[in-house]
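Numbering (my numbering), first residue to last: 1 to 96.
Okay, here's the thing in structure tokens:
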């Protein structure tokens, strides 16, 4: 998981969508066949399940981040270290 890189979303003639996701210092190409969640967009958080094949992450499921619930802690920490984090810090919320 990480942030969808701006300008990286490519929709082909089939139902496969390709985009890049980054945690700040690194990024990976993602290929997903299916309908993306409504909240999926550039520069927003996402988490995917699938497998890495020849350097491309073939996602079988995509979740769009609408709050910190879908962001793995290690990705959130990497984004914070790079100054790229754009969400609330769950540790700062006294209700969690």
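Backbone N, C-alpha and C define an ideal beta-carbon position, used for all residues, glycine too.
Exposed unless 16 or more other CB atoms sit within 10 angstroms - verdict on residue 23:
Along the chain shown, read from residue 1 onward, the residue named residue 23 stands at position 23. Counting Cβ neighbours within 10 Å, residue 23 comes out buried, since at least 16 surround it.
Could you tell me the boundaries of the beta strand (DSSP E) in which residue 58 lies?
As a working mapping, residue 58 is identified with position 58 in the chain shown. Residues 56–64.
Could you give the distance in angstroms between the alpha-carbon of residue 76 and the alpha-carbon of residue 3?
As a working mapping, residue 76 is identified with position 76 in the chain shown. As a working mapping, residue 3 is identified with position 3 in the chain shown. One C-alpha to the other measures close to 10 Å.
Out of curiosity, what's the CA-to-CA distance linking residue 95 and residue 65?
In the chain shown, the residue the question calls residue 95 occupies position 95. In the chain shown, the residue the question calls residue 65 occupies position 65. Unreliable positioning characterises residue 95 in this predicted model, as indicated by a pLDDT of 46, which lies under 50. A coordinate reading is not provided.
Provide the residue span of the alpha helix (DSSP H) that contains residue 79, from first to last.
The residue you call residue 79 lines up with position 79 of the chain shown. That run of the alpha helix (DSSP H) goes 73–81.
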